[in-house]
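Asker:
Listed below in structure tokens is the structure:
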């Protein structure tokens, strides 16, 4: 076991991690900047909530067909590269338009590109990983997302500067050029991932020790959405995945609004979001020792409950001067670390709760569930902000995390890992 833990990462995984960093930097640079662009154009919480939902709306309908397509493809390279180009197109479209309807469409295009990259990457990890490597490989792949979630907001904060939009406008400044420049930089960053992907070999033999099925189904049963959801634990794992992803989207979309409401600059907001990404990277680096010491169910439960409490504190304290900002960074650090643990664990739990041949479709169904959350939860969050204020959207997302954690406790999903037979 010790020897296996020191095995270097395979080359294909390093390339996917590199492409993941580039594409996620784009997505997480572009999305908060889109919120600032909408604010600059005179729009508010409702429009930002709709734009966030639009990012997930079209992917909601194509996630499952894309997953089935992945199961038939010998190599996902071309599919993933096309997704990167679509992602870049969405970012460029956001830079080119000031029309609110076109901004919603551009957000949807961005979401499709992100979905294609994610489905292709997840499928590759699930196909090429042995059972003993799956936690670590999903951890590294999702760590690339967290690096992008760190770099994107940090870069957006640097490009937009240390003054809030209101302060910039009061001083006679105009941030429209900086906003569009940031969107163009995002588009260019993702395009760099295309040549990286084409270093990948078009085909690769499966692992010498194939992962054995932990679940058996009746012969001839097809991996439909209903059949997958009927398998034990799948619905619970998907609810956890939805909650863990929804909080990330709502943080990216609503933290700029929270910052503007209390006079905190884009630079500080970008640094807070980057802190969340950085600590998620750190936790994913330690996925292997964590999953060796604790069960996946325990790690997911801790991720849900601790993140809910820690992140809920952030908007509550942000407006209380330097002490409040420092406290927000501490809470974001704690919440970011635990959030980073949850997502790769749900990927492994879902992968091992279905037959091997169903994994691509099951992971795509997981993404479809995530997109349902990304469509509905931001809209509900934007409605909550009316009576409560911008912080209400984040508190709502934290409540969803708590509900998912409570469901796992009630249904006693706290047991040990299931091992291959």
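In the UniProt record's numbering, the protein residues as written are 1 to 421. Virtual Cβ for every residue (Gly too), placed ideally from N, Cα, C. Keep in mind the model is a prediction, meaning the values are calculated, not measured.
Suppose contacts are defined by Cβ-Cβ distances below 8 angstroms. Is residue 192 in contact with residue 81 by that definition?
Answerer: Position 192 of the chain shown, counted from the start, is the residue given in the question as residue 192. Position 81 of the chain shown, counted from the start, is the residue given in the question as residue 81. Cβ atoms of residue 192 and residue 81: not closer than 8 angstroms.
Asker: Does the distance from the CB of residue 157 to the CB of residue 266 come in under 8 angstroms?
Answerer: Counting from one through the chain shown, the residue named residue 157 turns up at place 157. Counting from one through the chain shown, the residue named residue 266 turns up at place 266. Contact flag set, yes.
Asker: Does residue 413 come out as helix, strand or coil in the three-state DSSP assignment?
Answerer: Within the chain shown, residue 413 is the residue found at index 413, counting from 1. Here residue 413 sits in coil by DSSP.
Asker: Considering just the uninterrupted stretch of the alpha helix (DSSP H) at residue 358, what are its terminal residues?
Answerer: Stepping through the chain shown from its first residue, residue 358 is reached at position 358. Looking at the DSSP string, residue 358 is not in any alpha helix (DSSP H), and its letter there is neither H nor E.
Asker: Does the count of Cβ pairs from the region 314 to 329 and the region 242 to 262 closer than 8 angstroms reach three?
Answerer: yes
Asker: Assuming residue 361 contacts residue 67 under a Cβ cut-off of 8 angstroms, what Cβ separation, rounded to an integer in Å, is found between them?
Answerer: For the purposes of this step, residue 361 is identified with residue 361 of the chain shown, where counting begins at 1. For the purposes of this step, residue 67 is identified with residue 67 of the chain shown, where counting begins at 1. The C-beta separation of residue 361 from residue 67 comes to about 5 angstroms, placing the pair in contact by the 8 angstroms criterion.
Asker: Between which residues of its own chain and residue 137 is the CB-CB distance below 7 angstroms, once the five residues before and five after are set aside?
Answerer: Here residue 137 corresponds to residue number 137 of the chain shown, with the count starting at 1. Only 13, 125 and 129 meet the Cβ criterion.
Asker: Nearest-angstrom Cα distance between residue 32 and residue 328?
Answerer: The residue labelled residue 32 in the question sits at position 32 within the chain shown. The residue labelled residue 328 in the question sits at position 328 within the chain shown. C-alpha separation (whole angstroms): 18 angstroms.
Asker: For residue 47 and residue 386, I'd like the C-alpha separation in whole angstroms.
Answerer: Numbered from 1 along the chain shown, position 47 holds the residue referred to as residue 47. Numbered from 1 along the chain shown, position 386 holds the residue referred to as residue 386. Distance between the alpha carbons of residue 47 and residue 386: 12 angstroms.
Asker: Quick one: what's got a C-beta closer than 6 angstroms to residue 374's C-beta in the same chain, skipping five residues either side?
Answerer: Against the chain shown, residue 374 aligns to sequence position 374. Here the set comprises 56 and 249.
Asker: Give me the Cα-Cα distance between residue 403 and residue 105, rounded to the nearest whole angstrom.
Answerer: Within the chain shown, residue 403 is the residue found at index 403, counting from 1. Within the chain shown, residue 105 is the residue found at index 105, counting from 1. So the alpha carbons of these two residues sit roughly 32 angstroms apart.
Asker: State yes or no: is the C-beta of residue 42 nearer than 7 angstroms to some heavy atom of the ligand ADP?
Answerer: Among the components of this structure there are no ligands whatsoever, and the ligand ADP is therefore not found.
Asker: Just the C-alpha distance for residue 260 and residue 70, rounded to the nearest angstrom, thanks.
Answerer: Residue numbering aside, residue 260 sits at position 260 when the chain shown is read from its first letter. Residue numbering aside, residue 70 sits at position 70 when the chain shown is read from its first letter. Computed Cα separation, rounded: 42 angstroms.
Asker: Taking the alpha-carbon positions, what's the residue 367 to residue 35 distance?
Answerer: As a first step, residue 367 must be located in the chain shown, where it is residue number 367. As a first step, residue 35 must be located in the chain shown, where it is residue number 35. Roughly 23 angstroms separates the two Cα atoms.
Asker: Pick helix, strand or coil for residue 74, following the three-state DSSP scheme.
Answerer: Along the chain shown, one-based indexing puts residue 74 at 74. For residue 74, the three-state secondary structure derived from DSSP is coil.
Asker: Tell me whether residue 43 sits in a helix, a strand or coil according to DSSP, three-state version.
Answerer: What you label residue 43 is simply residue 43 of the chain shown in a count that begins at 1. It is coil, neither helix nor strand.
Asker: Take residue 349 as the anchor and find which of 228, 400, 305 and 309 has the nearest alpha-carbon.
Answerer: Numbered from its first residue, the chain shown carries residue 349 at position 349. If we check each option's Cα against that of residue 349, 228 comes out closest.
Asker: For a test of the three-state rule: what should DSSP assign to residue 352, helix, strand or coil?
Answerer: Translated into the one-based positions of the chain shown, residue 352 becomes position 352. It is coil, neither helix nor strand.
Asker: Is the region 393 to 402 touching the region 87 to 95 in the sense that three or more CB pairs, one from each, lie closer than 8 angstroms?
Answerer: no
Asker: Please classify residue 263 as buried or exposed, where buried requires at least 16 other C-beta atoms within 10 Å of its C-beta.
Answerer: Taking the chain shown and counting its residues from 1, one reaches residue 263 at position 263. It counts as exposed.
Asker: If you drop the 5 nearest sequence neighbours on each side, which residues of the same chain put their C-beta closer than 7 angstroms to that of residue 109?
Answerer: Looking up residue 109 in the chain shown gives position 109. For residue 109, same chain residues with a beta-carbon under 7 angstroms away, outside a window of 5 residues either side, are 86, 89, 90 and 93 in chain order.
Asker: Distance check for residue 181 and residue 341, CA to CA, integer angstroms please.
Answerer: By 1-based counting over the chain shown, the position of residue 341 is 341. By 1-based counting over the chain shown, the position of residue 181 is 181. So the two alpha carbons sit approximately 34 angstroms from each other.
Asker: With C-beta atoms as the reference, is residue 409 less than 8 angstroms away from residue 301?
Answerer: Locating residue 409 in the chain shown gives position 409, where the first residue counts as 1. Locating residue 301 in the chain shown gives position 301, where the first residue counts as 1. Result yes, Cβ atoms of residue 409 and residue 301 sit closer than 8 angstroms.
Asker: Can you tell me which of the three DSSP states residue 366 falls into?
Answerer: Indexing the chain shown from 1 puts residue 366 at position 366. In this structure, residue 366 counts as helix in the three-state DSSP scheme.
Asker: To the nearest angstrom, report how far apart residue 183 and residue 222 are at their CA atoms.
Answerer: To locate residue 183, count along the chain shown from 1; it is residue 183. To locate residue 222, count along the chain shown from 1; it is residue 222. Each residue's alpha carbon lies about 42 angstroms from the other.
Asker: Return helix, strand or coil for residue 80, following the three-state DSSP convention.
Answerer: As a working mapping, residue 80 is identified with position 80 in the chain shown. Note: residue 80 maps to helix in three-state DSSP.
Asker: Are there 16 or more other CB atoms within 10 angstroms of the CB of residue 101, so buried, or fewer, so exposed?
Answerer: Here residue 101 refers to the residue found at position 101 of the chain shown. Answer is exposed; the Cβ neighbour count stays below 16.
Asker: Using three-state DSSP, classify residue 392 as helix, strand or coil.
Answerer: Residue numbering aside, residue 392 sits at position 392 when the chain shown is read from its first letter. Three-state DSSP puts residue 392 in a helix.
Asker: Using a Cβ-Cβ cut-off of 8 angstroms (strictly less than) and excluding sequence neighbours within five positions of residue 15, which residues of its own chain qualify?
Answerer: For the purposes of this step, residue 15 is identified with residue 15 of the chain shown, where counting begins at 1. Counting only Cβ-Cβ distances below 8 angstroms, and skipping sequence neighbours, we find 196, 197, 199 and 200.
Asker: Please classify residue 421: is it buried, with 16 or more other beta-carbons within 10 angstroms of its beta-carbon, or exposed?
Answerer: By one-based count along the chain shown, residue 421 stands at place 421. For residue 421, the predicted structure reports a pLDDT of 40, less than 50, and the residue's modelled location is therefore unreliable. The matter cannot be settled from this model.
Asker: Which one of 296, 141 and 73 has the shortest CA to CA distance from residue 353?
Answerer: Residue numbering aside, residue 353 sits at position 353 when the chain shown is read from its first letter. The option with the nearest alpha carbon to residue 353 is 296.
Asker: So is residue 289 buried or exposed if we call it buried at 16+ other beta carbons inside 10 Å?
Answerer: Locating residue 289 in the chain shown gives position 289, where the first residue counts as 1. By the 10 Å Cβ count, residue 289 comes out exposed.
Asker: Using only alpha-carbon positions, find the residue among 407, 378 and 291 that is nearest to residue 394.
Answerer: On the chain shown, residue 394 is found 394 positions in, with the first residue counted as 1. Comparing Cα positions, the closest option is 378.
Asker: Between which two residues does the alpha helix (DSSP H) holding residue 177 run?
Answerer: One-based indexing of the chain shown puts residue 177 at position 177. That run of the alpha helix (DSSP H) goes 176 to 191.
Asker: Return the Cβ separation of residue 27 and residue 152 in integer angstroms, given the expectation that the two are a contact with Cβ distance under 8 angstroms.
Answerer: As a working mapping, residue 27 is identified with position 27 in the chain shown. As a working mapping, residue 152 is identified with position 152 in the chain shown. Contact check for residue 27 and residue 152: beta-carbon distance about 7 angstroms, within the 8 angstroms limit, so the pair qualifies.
Asker: If you reduce the DSSP assignment to three classes, tell me which class residue 208 lands in.
Answerer: As a position in the chain shown, residue 208 is number 208, starting the count at 1. Summary for residue 208: the model assigns pLDDT 43, below 50, so the residue's position carries little reliability, and this model does not support an answer.
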